[in-house]
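These notes are about the structure you will find just below.
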Amino acid sequence: MQKGIKPVVRLFITLMLAIISVCFQQARAECSFTNPDANPTIMFTMPAQIVIESDAAVGTVVYSGETVGESHGLSCDGSERVYDGYLVLTDADYSGVLPGVYKTTVPGIGFRAARAENKTATFTGDNLITPRHYIGRLGSWASFDSTYHVGVELVVIDTVQSGTLDTSLFNADYQMGNLIAAKLRFGPTVVDVLTNTCNLVSKDIAVLMDSVTSGSLSQGYSSVLTDDSFKIEVADCTTGTHIDYKFTSAGSTGVTDGNILNIASGEGAASGVGIQILDKDNHVLSFDQEYTGIESATGRGTEEIPLKARYAKTGTVKGGQVDAVATFEVYYR
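In the working numbering, the protein residues as written are 163 to 495.
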């Protein structure tokens, strides 16, 4: 009786070995490129230096670019786990100013990237790259022929300061099983971010004007009555900074005809006259209008915007004290 059992036992063992062998082969299923020399790296080249307006509003996109990786085919012969996302950035770096924006090594500057397959990447939905995470599994067999498009943006998320941008923080992988199907990398690894800014030498400028007689206003205005001390001075400018300025009616003693500064009234005050402000070329400046003061700052020492002033007739002239206040604003771009 015992001899008759042995063939059955052998058959059972053979079946078990066959099943184990099949399972082992499935566990080794892999993904691979159709072309063994395919390069999955998408190299995004950023400028070595980026200059940003110091007063840029939160949410402003200060840099935008896009690139396209090379086309390649790949296939997977089994159910593979898929992962996607940044290799260094984490959820703790998320800024929340705009969708997909993460903090960087430069104060006030955020970064976001988007990737899409066979189409232009948009900064919405599934295109946005986030910290590395598990997406799901592929089917039992899959074949792809893909071209990855990538877009990146730098976004103002707070008050901007100059600094060094470490682009290695933005590296991201798209992984299918054992295969890195797309590798987002950046060059150069360090980008200098500079803010366009200067220091205003003085916020209060005292302007002394010479005395005149009513007869000197026969043409409607006097000659220039100020010296070279009437100027807006700035220092410590970033090289290349463009500087604009304007005089505002708000905060001033009033404006007539858009370009005449009213004088203060009161006991002993003159009347029938106002003040016009001119640029170095004797052009009368209008209030609430921006003008270019310095096209491109040298970045060396103190730089100035020369100004002039004269009286303008506004009615019957009565002699007396002339006092006025004009408010100005300076913009660095």
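We treat Cβ as the ideally placed atom computed from N, Cα and C, and that holds for glycine.
Could you check the C-alpha separation between residue i and residue j for me, to the nearest Å?
i      : j      : result
Gln483 : Thr415 : 15 Å
Phe332 : Thr207 : 12 Å
Ala210 : Asn289 : 26 Å
Val487 : Thr478 : 22 Å
Ser226 : Gln323 : 19 Å
Ala397 : Ala275 : 37 Å
Asp419 : Gln451 : 13 Å
Asp328 : Lys265 : 11 Å
Asp320 : Ile437 : 40 Å
Ala368 : Val224 : 38 Å
Gly279 : Gly262 : With the sequence shown as reference, residue 279 is identified as Glu, and Gly is not the correct amino acid for it. The alpha-carbon atoms of Glu279 and Gly262 are separated by roughly 18 Å.
Gly382 : Lys475 : 5 Å
Met371 : Ala254 : 59 Å
Arg299 : Cys238 : 11 Å
Arg472 : Thr460 : 30 Å
Asp390 : Ser378 : 22 Å
Thr307 : Tyr296 : Reading off the sequence, residue 307 comes out as Asp, not Thr. Distance between the alpha carbons of Asp307 and Tyr296 is about 22 Å.
Gln188 : Ser194 : Low per-residue confidence applies at Gln188: pLDDT is 43, beneath 50, and the placement is therefore not dependable, though the value from the model is reported in the following sentence. Gln188 and Ser194: Cα-Cα distance of roughly 15 Å.
Tyr256 : Phe348 : 20 Å
Ala334 : Ala304 : 23 Å
Val213 : Gly287 : 30 Å
Gly272 : Ala344 : 23 Å
Glu228 : Ile291 : 14 Å
Thr252 : Thr357 : 27 Å
Val268 : Asp441 : 38 Å
Val259 : Ala432 : 54 Å
Asp406 : Val417 : 21 Å
Met205 : Gly455 : 41 Å
Thr375 : Asp217 : 45 Å
Thr410 : Thr326 : 37 Å
Phe186 : Arg277 : The pLDDT assigned to Phe186 is 41, lower than 50, so where the model puts this residue is not dependable; a value taken from the coordinates is nonetheless given after this. Straight-line Cα distance between these residues: approximately 35 Å.
Cys399 : Leu447 : 24 Å
Considering only C-alpha positions, which residue in the set the options is nearest to residue i?
i      : options                        : result
Leu387 : Gly481, Asp441, Lys470         : Lys470
Lys393 : Cys399, Val353, Ile439, Ser433 : Ile439
Val496 : Asp443, Lys265, Gly339, Tyr407 : Nothing in the structure corresponds to residue 496, since the chain is present only between 163 and 495.
Ala219 : Gly270, Asp246, Asp199         : Gly270
Ser364 : Thr464, Ser302, Gly240, Val263 : Thr464
Gly402 : Pro350, Ser458, Val259         : Ser458
Val250 : Ile422, Ala304, Pro293         : Pro293
Lys480 : Ile467, Gly434, Gly455         : Gly434
Phe285 : Val312, Val268, Thr267, Arg299 : Val312
Glu192 : Val492, Ser241, Val213         : Ser241
Val355 : Asn201, Glu215, Ser330         : Glu215
Pro198 : Ile342, Thr326, Glu315         : Ile342
Arg495 : Thr203, Pro468, Cys360, Ala412 : Cys360
Glu395 : Val259, Pro468, His234, Gly258 : Pro468
Tyr496 : Lys281, Thr282, Ser330         : Nothing about residue 496 can be reported from this structure: the residues present for the chain run from 163 to 495 only.
Ala412 : Ser384, Thr400, Gly428, Thr489 : Thr489
Glu466 : His404, Gly235, Leu447         : His404
For the putative contact between residue i and residue j, defined by C-beta atoms under 8 Å, what is the C-beta separation to the nearest angstrom?
i      : j      : result
Ala426 : Asp485 : 4 Å
Val317 : Gly221 : 7 Å
Asp246 : Tyr310 : Actually they are not in contact, since the Cβ atoms of Asp246 and Tyr310 sit about 11 Å apart, beyond 8 Å.
Phe449 : Asn421 : 7 Å
Val492 : Leu362 : 6 Å
Thr196 : His234 : 7 Å
Below 7 Å, is the gap between the Cβ of residue i and the nearest heavy atom of the ligand MG?
i      : result
Val492 : Judged by which ligands are present, the structure shown has none, so any question about the ligand MG falls away.
Classify residue i as buried or exposed, calling it buried when 16 or more other Cβ atoms lie within 10 Å of its own Cβ.
i      : result
Thr351 : exposed
Arg462 : exposed
Ser302 : exposed
Val230 : exposed
His445 : exposed
Asn201 : exposed
Val170 : Only weak support exists for where Val170 lies, its pLDDT of 43 falling under 50; the coordinates are left without a value.
Thr203 : exposed
Ser380 : exposed
Glu232 : exposed
Val314 : buried
Ser384 : buried
Val184 : With a pLDDT of 41 at Val184, under the threshold of 50, the predicted position of this residue should be treated as unreliable, though the coordinate-derived value follows. Label assigned to Val184: exposed.
Completely contained alpha helix (DSSP H) runs for the segment 339-383, where each covers 4 or more residues: none
In chain order, each beta strand (DSSP E) run of at least 3 residues that lies wholly inside the segment 409-434: 422-424
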